[in-house]
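For reference, the structure discussed in these notes is given below.
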Amino acid sequence: MIPSRVTLVEVGPRDGLQNEAQPVATAQKIELVQRLQAAGCTEIEVTSFVSPKWVPQMADNAAVLGGIARQPGVRYAALAPNLQGLQGALAAGVDEVVVFAAATEAFSRRNINCSIAESIERFAPVVQAAHAAGVKVRGAISCTLGCPYQGHVSPGEVERVVVLMKGIGVDHCGIADTIGTGTPRAAQAVMERALAHYPLTEVSGHFHDTYGQALANIYACLELGIATFDTSIAGLGGCPYAKGATGNVATEDVVFMLHGMGIATGLDLDRLVDTAAFISNALGRAPVSRVSRALLARRSGPQATS
Ligand code: HMG
Ligand code: MG
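Everything in the sequence shown is counted per my numbering, starting at 4 for the first residue and increasing by one.
Have a look at this one:
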């Protein structure tokens, strides 16, 4: 059942940088995306077309998308919570948009200022207009394994939102552990609910590593045959509406595990480590990724590895 090839959707430029308190220059964001594609990333979540009052870090969305020297074979995605966001994303030439709902009412209110039902009503015309423009729509469901406001979340609550997403024609179902409290069997249980409605190729996992469970959860998903995961270079990120949430699992850590298991990703680990070093330097800190830290220490000399 374990897949022989896995696709990693790089979300560092969006999920990572949306959470940075310090400003990151547009030129650095563009360079980050270009380095990622040079390292073999074929799916990159570049930015969000959300309200700049809510998430000022993504206010330069069109400039970032417009500034990338695009590479054939790479899909550039952006978040779009409503028609206004979709129009901006289409004008900037996205290949894919992401609509994002929550498994809990409390998180839906905090993140997008509406109920789950209202969010689905808002997404329906976004999906229609995106499809009319030939653009694929990925759906992300937050808080599927725990919510910072509600606490425990049941698989039934998640399945309800999966069904609503499917009902409005969302093409892909992303299951997100926003606060990183999920553990492997719980991750499998929730994935099974998604797989009841979407094919294996259209279900993905998005694991934040706050409690150090992300690699184990990804392994548990691999056991179900799931072969698409969101990851974030250098382990960048968090969520502005989930206090204390750290970044997504680091791309380098997932690549190291997958390559070690003989699973192909098409990604070049050395170039990913260079990219992690680039963005971490720009932010004035070391990468969160254990693999990047280890490989950077090894590069700096044998004495550094002892
Ligand atoms: P609202 O205030 O209820 O919206 O926000 P509104 O329709 O009443 O509009 C208010 C103002 O926002 C208006 O401007 C609109 O023009 C503007 P004003 O008249 O006051 O000057 N506006 C927009 N501007 C730019 N782009 C837009 C847009 N829409 C309205 N698309 C809204 C509702 C959804 C817009 C707001 O709550 C919002 O932007 N939320 C975004 C939150 C966000 O980005 N969160 C992080 C991403 S989700 C995430 O990280 C989770 C994920 O990684 C998975 C996981 O880990 O869980 C995906
Ligand atoms: Mg996230």
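Where is the CB? At the ideal position from N, CA and C, for every residue including glycine.
Heavy atom of ligand 2 within 8 Å of residue i beta-carbon
i    : result
H211 : yes
N220 : no
D18  : yes
A179 : yes
N114 : no
S145 : yes
N251 : yes
Residue j beta carbon less than 9 Å from that of residue i
i    : j    : result
T234 : V206 : no
L148 : I182 : yes
T254 : S292 : yes
G70  : T29  : yes
A285 : S295 : no
A197 : V156 : no
I236 : I282 : yes
T45  : G76  : yes
D98  : A80  : yes
L225 : I5   : yes
V100 : A133 : yes
G19  : G240 : yes
A136 : A190 : no
Q216 : T249 : no
I266 : V9   : yes
L218 : V252 : yes
Sheet register partners of residue i (DSSP bridge)
i    : result
S111 : Bridge partners of S111: none, in fact.
K56  : None, per the DSSP bridge assignment.
H200 : Answer by DSSP bridge pairing: none, since H200 is not bridged.
Distance between beta carbons of residue j and residue i, contact taken as under 8 Å
i    : j    : result
A95  : A65  : 5 Å
G170 : D212 : Between D212 and G170 the Cβ distance is about 32 Å, and since that is not below 8 Å, they are no contact.
L93  : V138 : 7 Å
N116 : A105 : Contact doesn't hold; Cβ gap of about 12 Å is too wide.
C150 : F210 : Not confirmed; about 15 Å, so no contact.
T268 : L86  : 35 Å between Cβ atoms; not a contact.
Ligand 1 heavy atom lying under 8 Å from the CB of residue i
i    : result
E117 : The sequence as given places Cys at residue 117; Glu does not occur at that position. Yes - ligand 1 has a heavy atom lying nearer than 8 Å to the Cβ of C117.
S51  : yes
K32  : no
G185 : no
M61  : yes
Nearest residue (CA-CA) to residue i, options the options
i    : options                : result
A42  : A297, L299, A289, D273 : D273
V36  : R78, S303, G172, R8    : R78
E13  : E23, R38, A24          : R38
G287 : V27, K56, D63          : V27
R73  : I47, S54, F52, M61     : I47
R141 : V173, P158, A120, Q153 : V173
I221 : P202, A199, A179       : A179
E162 : V130, Y152, G154, A199 : A199
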